[in-house]
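Down below is the structure, laid out as structure tokens.
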Amino acid sequence: MFGTPAETLGEHVARLVAIEADADSVQAWQPLLIPGALQSFAYACEAIQSTTPALPMETVAERADSRRHRIDQLSAPSVFIVDESALHRPVGGYAALVDQLEHLLAVEALQPRLTVQILPQGIEAHPGLAGPFTMYRSASQRAVFVETLTSSEITTRPEDVAAYASAWDRLLGLALPPQESMQLIDGVRETLCRRLKTAR
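So that you can map any letter, position 158 of the sequence shown is 158 in the UniProt record's numbering, and since no number is skipped, the others follow by simple counting.
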């Protein structure tokens with residue numbers, strides 16, 4: 001199931017969706033943005049365009065729409081740990097961020113297999129500072145997906161998997177419990193809503 005890195009972005013997206021659909025469990029860490037599978041359309045458009053500005057707008061819209069539907073294809077128990085800073089980063093502007101936070105709350109409430117936990121600001125240094133990653137388990141196989149600005153890698157090397165599994169355990173120990181995480185997200189949403197009303 002786990003192959004080599006995709007040669008094109010389209011192939012990469014297709015492979016990633018296939019891996020997610022076949023996985024028995026998904027564990028993802030994202031320190032900078034709301035994870036792709038949890039993004040609203042407007043947020044996804046801005047996130048894609050900001051990292052790949054040369055893409056035509058119609059391609060950006062297609063990929064943003066694809067991201068929006070990825071969560072429906074996740075049949076496995078999935079845990080996403082997100083750094084609190086991502087809740088405050090106005091990707092697409094503050095109105096888009098409010099819409100994104102509302103989307104995040106709705107998706108979490110409607111998807112019983114989905115868990116979102118927030119790593120609060122002020123936490124000590126941790127392995128997740130090295131960057132985002134996603135771990136997949138399918139039967140006896142385990143793989144880690146790592147993406148940078150110019151490349152992506154899906155690795156099944158035991159030493160890589162062990163290193164990321166250790167990092168995940170550390171992040172999970174530092175993250176807020178699910179209920180507290182939802183309360184924090186809703187609190188940020190309410191604060192932003194008040195700010196937008198005051199600015200009108």
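Virtual Cβ for every residue (Gly too), placed ideally from N, Cα, C.
Proximal residues to residue i (C-beta, below 6 Å), its chain only, five neighbours per side dropped
i, result
"Leu-44", "Per the sequence shown, the amino acid found at residue 44 is Ala instead of Leu. Closer than 6 Å at the Cβ level, and outside the excluded window around Ala-44, lie Ala-64, Arg-67."
"Leu-184", "Ile-118"
Cβ-based neighbour list, residue i, same chain, cut-off 8 Å, excluding 5 preceding and 5 following
i, result
"Leu-32", "Asp-83, Ser-85, Ala-86, Arg-89, Pro-132"
"Thr-115", "Pro-77, Ser-78, Val-79, Phe-80, Glu-108, Pro-178"
"Tyr-94", "Leu-192, Arg-195, Leu-196"
"Pro-181", "Looking at the sequence itself, residue 181 is Ser, so the reference to Pro does not match. Contacts found: Val-116, Gln-117, Ile-118, Ala-175."
Cβ neighbours of residue i in the same chain (closer than 7 Å, five flanking residues each side left out)
i, result
"Ala-167", "Pro-127, Gly-128"
"Ile-34", "Tyr-43, Val-82, Ala-86, Gln-100, Leu-104"
"Leu-174", "Leu-119, Ile-123, His-126"
Residue span of the alpha helix (DSSP H) that contains residue i, given as start and end
i, result
"Gln-117", "It is not in any alpha helix (DSSP H) - Gln-117 instead sits in the beta strand (DSSP E) that spans 114-119."
Residue i burial status per 10 Å Cβ neighbour count (16 or more: buried)
i, result
"Gly-187", "exposed"
"Thr-155", "buried"
"Pro-177", "exposed"
"Gly-92", "buried"
"Gln-121", "exposed"
"Ala-14", "exposed"
"Glu-46", "buried"
"Ser-75", "exposed"
Boundaries of the beta strand (DSSP E) in which residue i is found, first to last residue
i, result
"Trp-83", "The question names Trp, but residue 83 in the sequence shown is Asp. First-last of the beta strand (DSSP E) with Asp-83: 78-83."
"Arg-137", "133-138"
"Ala-143", "141-147"
Cβ pair residue i, residue j closer than 8 Å
i, j, result
"Gln-111", "Ile-71", "yes"
"Gln-73", "Val-17", "yes"
"Asp-24", "Ala-162", "no"
Test: residue i CB closer than 8 Å to a CB of chain D
i, result
"Arg-68", "Checking the listed chains, one finds no chain D in this structure; it contains a single protein chain."
Check whether the stretch 130-144 and the stretch 16-29 are in contact - that is, three or more C-beta pairs closer than 8 Å. yes
Would the stretch 102-111 and the stretch 147-167 be scored as touching if the rule is three or more Cβ pairs under 8 Å? no
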